[in-house]
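Chains as they are written, first to last, in the numbering used here: chain D, 5 to 434; chain V, 5 to 434. Glycine included, C-beta positions come from ideal geometry on N, C-alpha and C.
There are 2 protein chains.
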Amino acid sequence: MDQDTKTRILGAVDAGFDDQIGFLSELTAHPSTRGNEQSAQTFMVEQLVARDYTVDRWQIDVNEISALPGFSPVLGPYEDAVNVVGAHTSRTQKGRSLILNGHIDVVPEGPLDMWDSPPYDPRVDDGWMYGRGAGDMKAGLASNLFALDALGRLGLAPAADVFYQSVVEEECTGNGALACLARGYKADAALIPEPFAEKLVTAQIGVIWFQVHLKGLPTHVAYAGSGANAIEASIPLIAALHDMESRWNAPENRPADYAHMDHTLNLNIGKIEGGDWTSSVPAWCVFDVRMAIFPGQSIEAAKADIEAVLMEAARQNDFLKNSLPEIVYHGFQAEGYALSQDGSVNAKAAIGALESAHGTVNGDALDKAAITATTDARFFGLYADTPALVYGPRAEAIHGFNERVDLESMRRVTQATALFIADWCGLEDI
Amino acid sequence: MDQDTKTRILGAVDAGFDDQIGFLSELTAHPSTRGNEQSAQTFMVEQLVARDYTVDRWQIDVNEISALPGFSPVLGPYEDAVNVVGAHTSRTQKGRSLILNGHIDVVPEGPLDMWDSPPYDPRVDDGWMYGRGAGDMKAGLASNLFALDALGRLGLAPAADVFYQSVVEEECTGNGALACLARGYKADAALIPEPFAEKLVTAQIGVIWFQVHLKGLPTHVAYAGSGANAIEASIPLIAALHDMESRWNAPENRPADYAHMDHTLNLNIGKIEGGDWTSSVPAWCVFDVRMAIFPGQSIEAAKADIEAVLMEAARQNDFLKNSLPEIVYHGFQAEGYALSQDGSVNAKAAIGALESAHGTVNGDALDKAAITATTDARFFGLYADTPALVYGPRAEAIHGFNERVDLESMRRVTQATALFIADWCGLEDI
Numbered sequence: 005m006d007q008d009t010k011t012r013i014l015g016a017v018d019a020g021f022d023d024q025i026g027f028l029s030e031l032t033a034h035p036s037t038r039g040n041e042q043s044a045q046t047f048m049v050e051q052l053v054a055r056d057y058t059v060d061r062w063q064i065d066v067n068e069i070s071a072l073p074g075f076s077p078v079l080g081p082y083e084d085a086v087n088v089v090g091a092h093t094s095r096t097q098k099g100r101s102l103i104l105n106g107h108i109d110v111v112p113e114g115p116l117d118m119w120d121s122p123p124y125d126p127r128v129d130d131g132w133m134y135g136r137g138a139g140d141m142k143a144g145l146a147s148n149l150f151a152l153d154a155l156g157r158l159g160l161a162p163a164a165d166v167f168y169q170s171v172v173e174e175e176c177t178g179n180g181a182l183a184c185l186a187r188g189y190k191a192d193a194a195l196i197p198e199p200f201a202e203k204l205v206t207a208q209i210g211v212i213w214f215q216v217h218l219k220g221l222p223t224h225v226a227y228a229g230s231g232a233n234a235i236e237a238s239i240p241l242i243a244a245l246h247d248m249e250s251r252w253n254a255p256e257n258r259p260a261d262y263a264h265m266d267h268t269l270n271l272n273i274g275k276i277e278g279g280d281w282t283s284s285v286p287a288w289c290v291f292d293v294r295m296a297i298f299p300g301q302s303i304e305a306a307k308a309d310i311e312a313v314l315m316e317a318a319r320q321n322d323f324l325k326n327s328l329p330e331i332v333y334h335g336f337q338a339e340g341y342a343l344s345q346d347g348s349v350n351a352k353a354a355i356g357a358l359e360s361a362h363g364t365v366n367g368d369a370l371d372k373a374a375i376t377a378t379t380d381a382r383f384f385g386l387y388a389d390t391p392a393l394v395y396g397p398r399a400e401a402i403h404g405f406n407e408r409v410d411l412e413s414m415r416r417v418t419q420a421t422a423l424f425i426a427d428w429c430g431l432e433d434i
Numbered sequence: 005m006d007q008d009t010k011t012r013i014l015g016a017v018d019a020g021f022d023d024q025i026g027f028l029s030e031l032t033a034h035p036s037t038r039g040n041e042q043s044a045q046t047f048m049v050e051q052l053v054a055r056d057y058t059v060d061r062w063q064i065d066v067n068e069i070s071a072l073p074g075f076s077p078v079l080g081p082y083e084d085a086v087n088v089v090g091a092h093t094s095r096t097q098k099g100r101s102l103i104l105n106g107h108i109d110v111v112p113e114g115p116l117d118m119w120d121s122p123p124y125d126p127r128v129d130d131g132w133m134y135g136r137g138a139g140d141m142k143a144g145l146a147s148n149l150f151a152l153d154a155l156g157r158l159g160l161a162p163a164a165d166v167f168y169q170s171v172v173e174e175e176c177t178g179n180g181a182l183a184c185l186a187r188g189y190k191a192d193a194a195l196i197p198e199p200f201a202e203k204l205v206t207a208q209i210g211v212i213w214f215q216v217h218l219k220g221l222p223t224h225v226a227y228a229g230s231g232a233n234a235i236e237a238s239i240p241l242i243a244a245l246h247d248m249e250s251r252w253n254a255p256e257n258r259p260a261d262y263a264h265m266d267h268t269l270n271l272n273i274g275k276i277e278g279g280d281w282t283s284s285v286p287a288w289c290v291f292d293v294r295m296a297i298f299p300g301q302s303i304e305a306a307k308a309d310i311e312a313v314l315m316e317a318a319r320q321n322d323f324l325k326n327s328l329p330e331i332v333y334h335g336f337q338a339e340g341y342a343l344s345q346d347g348s349v350n351a352k353a354a355i356g357a358l359e360s361a362h363g364t365v366n367g368d369a370l371d372k373a374a375i376t377a378t379t380d381a382r383f384f385g386l387y388a389d390t391p392a393l394v395y396g397p398r399a400e401a402i403h404g405f406n407e408r409v410d411l412e413s414m415r416r417v418t419q420a421t422a423l424f425i426a427d428w429c430g431l432e433d434i
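Structure, rendered in structure tokens:
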């Protein structure tokens, strides 16, 4: 790609950037928590149709994916789980195909009084856009779309097929991305602009979700000694899980990508609910746990360890030993994935193309990072032989209050993405 | 009272006992948890009207009671809080007046799968009636009503005014009983057949309810180290509260009625709720606590101690010290009450009358007990100068699963109650 084309692409992103901010604001205004993504997906369909992409909108069918590797169990139906893909079909087919992936689902906003402004009423202040999902990862969805737009503004299109994906379920199972694979969407590389501060993600951890259900005999608190408090029974189990967390994080268990990090694998007690009356000894308690695993760590072995740890702790507890906890898997059973371990020509070429694009925009080398979260990249990398580049804008307080994304960072990522597409796919005239 | 009258009264209770079991079954079938007492109260009104009592049914007005001693704060409105009183007005007025009190509210039934049979589909098995509220305390409401019925069956009525009360809110505030006082219902003694196994309650503890609200900065669990887990932050606070519980129970703090009991004051974590997403570090957690106090222990001093304990524990916690807990009082602020400390002539006479009645039915002495729960007795004893006798049937698993009441015990209590009424109020012909 000649320097003039590069310069024109950068300028074309700039030319569309006000529109891009407007798009991001409108998309962020949709409160697309799990189960409520429909209006946001309808908006995405409208945007894709307006741009003449071939749009595929479908409801995920659990039966079609439940036997596939990477599937995570779900509680409840998928009647409201709708994926959207917009396809660009190249006229010349002379380049390498590409998946531009992003997730439309956002995590719950939490108590509104913790936000400085309403989470779904996005606002821009001092170069940041605030709102739930603005960073994780609607800015990425905007970046993917407006990178393609920038090429179009120059009368150009990718010289290979490009599939623009807006998927659900990234935040709890990844089954949205898996359903795209099952539907036949394949390409030579994938790009996922998750908000990791313009670094290329070289490794991501895996995640297991599980619920621990405690149940026992309640009683009037007047006889608390003869009852068993299911809420307090959770405390030694949580302590035992943290001991396991320390053990898993020990230096001898770390793969190379994480050798330098003391605490990669975080255990999180994300939810708890128990009891129904202040003066009744609670008969039940349920807590939800997220635990990470290293790339290469077996999910089945990890689950067996989790179960053994919980049961051993339960057997040491007077109440729990007679009323062992029930463990329910209700979301992520996600393996880790390390792009760094992909020695394929494709992977090297894709990384090289992104390094070049990033360098053109920023004038410096592409930083790389092993992250302590999971992304949908694992589906492409592990189950479709497709190198998946996670590279997106800087955001702060993702999953927190006053989540925000750096708009200039989004501009740079959009420019790098447009350059990457031009390089990877090649260009053809519209 | 001559022996013949006593014998006829015992027989009259027996004669009505099948009906009484039917009444108890029908009353227990009403799921009268807090806020849902209306159908049960309507049933009570029908029963009282059918017996020609003067019926007073009214909605509790918080404004009329909130300045009174013994009031407990409430969260939410009282639109659904309805008391029922049936009054018998004596023709001759030659005896001592009496309040027969019972509460219609029951505590939540908890998970249905923990019950051997549905909690609101009462069944009788081997002399026990099973069902939520059968023991606590619908058997007592039945006993009060059918004791009066037994006298009526003999063509007799109490020779003093008797107020039959079916109140709400016993299980959370006592404001139902307080509203009866505020409405002007007074008498020379009160009887409350709470299910304490045919023992006379000589002392009851006080109860304080409070919620502890924790709130902090959440984040994506990938950065758990920089977030603060509000659920786990509750653990050191619960531990500190248990230390306080031990301190309050120390021998030097026990009044005479409880000197022999090692652990009278129970702290109960009755409810907990926190977080909304497994992979978000939870920003908030709320747990509900019930703590008991001794008779004579000041509520204000107890609250000050609770607050100091929580704040000191919070200040030792890295997260909590920057985000101190909020303490919300949302129910019981109930003082303890000791009938044993009531040296009045009335109290002695009432206890004597009950001892005699119990002896006639059972042939043995009336056992007495200091209990580790509260009852509405405190309102009569502390704020209306009315000795309040708590004396009711044997029940098991109150506030638990498969709650049950011993029907023969209910029969004996009904007989003792009828004899007590006859003695205390005297008798007149209908």
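{"Check": "Pick from D:G131, D:V332, D:G144 that is closest to D:E311, judged by C-alpha positions", "Outcome": "D:V332"}
{"Check": "Touch test, the region 111–121 of chain V against the region 79–93 of chain V, Cβ-Cβ under 8 Å, three pairs minimum", "Outcome": "no"}
{"Check": "Close beta carbons around V:Q419, own chain, < 6 Å, minus the five adjacent residues each side", "Outcome": "L14, V17, V365"}
{"Check": "Three CB pairs or more closer than 8 Å across the region 69–78 of chain V and the region 25–32 of chain V", "Outcome": "no"}
{"Check": "V:F405 at chain D interface by Cβ criterion, 8 Å", "Outcome": "yes"}
{"Check": "6 Å Cβ shell around V:A164 - same chain, five flanking residues per side excluded", "Outcome": "S94, G99, R100, S101, C429"}
{"Check": "Closest Cα partner of V:A317 within the set V:Q337, V:E202, V:L328", "Outcome": "V:L328"}
{"Check": "Residues near D:I402 in its chain [Cβ-Cβ closer than 7 Å; skip 5 each side]", "Outcome": "G139, D140, P199"}
{"Check": "Buried/exposed call for D:H362, threshold 16 Cβ in 10 Å", "Outcome": "buried"}
{"Check": "Between the CA atoms of D:H217 and V:N233 - distance to the nearest angstrom", "Outcome": "20 Å"}
{"Check": "Separation of V:I212 from V:S302, as counted between CA atoms", "Outcome": "11 Å"}
{"Check": "C-beta neighbour in chain D for V:G335, strict 8 Å", "Outcome": "yes"}
{"Check": "Minimum Cβ-Cβ distance from V:N326 to chain D less than 8 Å", "Outcome": "no"}
{"Check": "Beta-carbon neighbours of D:L221, restricted to chain V and to distances below 9 Å", "Outcome": "M118, A401, G404, F405"}
{"Check": "Straight-line gap, D:A254 to D:H267 (C-alpha atoms, nearest Å)", "Outcome": "8 Å"}
{"Check": "Partners in chain D for V:D280, counting only beta-carbon separations shorter than 7 Å", "Outcome": "P112, G114, K275"}
{"Check": "Contact the region 256–265 of chain V vs the region 379–396 of chain D: 3+ CB pairs below 8 Å", "Outcome": "no"}
{"Check": "Contact set between the region 262–274 of chain V and chain D, restricted to residues whose Cβ is under 9 Å from the partner", "Outcome": "H267, N270, L271, N272, I273, G274"}
{"Check": "Neighbour list for V:A287 in chain D, Cβ cutoff strictly below 9 Å", "Outcome": "G114, P115, M118, G404, F405"}
{"Check": "Residues of the region 290–302 of chain V whose Cβ lies closer than 9 Å to any Cβ of chain D, in chain order", "Outcome": "F291, D292, V293, R294, A296"}
{"Check": "Contacts around D:N406, its chain only, beta-carbon distance under 7 Å, and the 5 residues preceding and following it disregarded", "Outcome": "W119, D120, Y134"}
{"Check": "Exposed unless 16 or more other CB atoms sit within 10 angstroms - verdict on V:D2", "Outcome": "Because chain V here runs from 5 to 434, residue 2 of chain V falls outside it and cannot be looked at."}
{"Check": "Outcome for D:G335 when other beta-carbon atoms lying within 10 angstroms are tallied against a minimum of 16", "Outcome": "buried"}
{"Check": "Euclidean distance between Cα positions of D:A146 and D:S170", "Outcome": "11 Å"}
{"Check": "Nearest neighbour of V:R416, chosen from V:A154, V:F298, V:N105, V:G39 [CA to CA]", "Outcome": "V:A154"}
{"Check": "Whether D:R38 touches D:C184 by CB criterion (8 Å)", "Outcome": "no"}
{"Check": "Cβ-Cβ distance between V:W202 and V:R55 below 8 Å", "Outcome": "A quick correction: the sequence has Glu, not Trp, at residue 202 of chain V. Not in contact: V:E202 and V:R55 (Cβ atoms no closer than 8 Å)."}
{"Check": "Unbroken beta strand (DSSP E) run spanning V:L431, endpoints", "Outcome": "431–433"}
{"Check": "CB contact flag (V:P286, D:G274, <8 Å)", "Outcome": "yes"}
{"Check": "Status (buried if at least 16 other CB within 10 Å, exposed otherwise) for D:K325", "Outcome": "exposed"}
{"Check": "Environment of V:K219 [buried if 16+ CB atoms lie within 10 Å]", "Outcome": "buried"}
{"Check": "Contact check, D:F167 vs D:V49, beta carbons under 8 Å", "Outcome": "no"}
{"Check": "Cβ of V:N40 within 8 Å of any chain D Cβ", "Outcome": "no"}
{"Check": "Partners in chain D for V:S250, counting only beta-carbon separations shorter than 8 Å", "Outcome": "Near V:S250 there are no residues of chain D at all, since even the closest Cβ is about 13 Å away, more than 8 Å."}
{"Check": "Per-residue burial, D:S76 [other beta carbons within 10 Å of its own, 16 or more giving buried]", "Outcome": "buried"}
{"Check": "Nearest-angstrom beta carbon gap, D:L411 and D:G137 [assumed within contact, 8 Å]", "Outcome": "Wrong, their Cβ atoms sit about 15 Å apart, outside the cutoff."}
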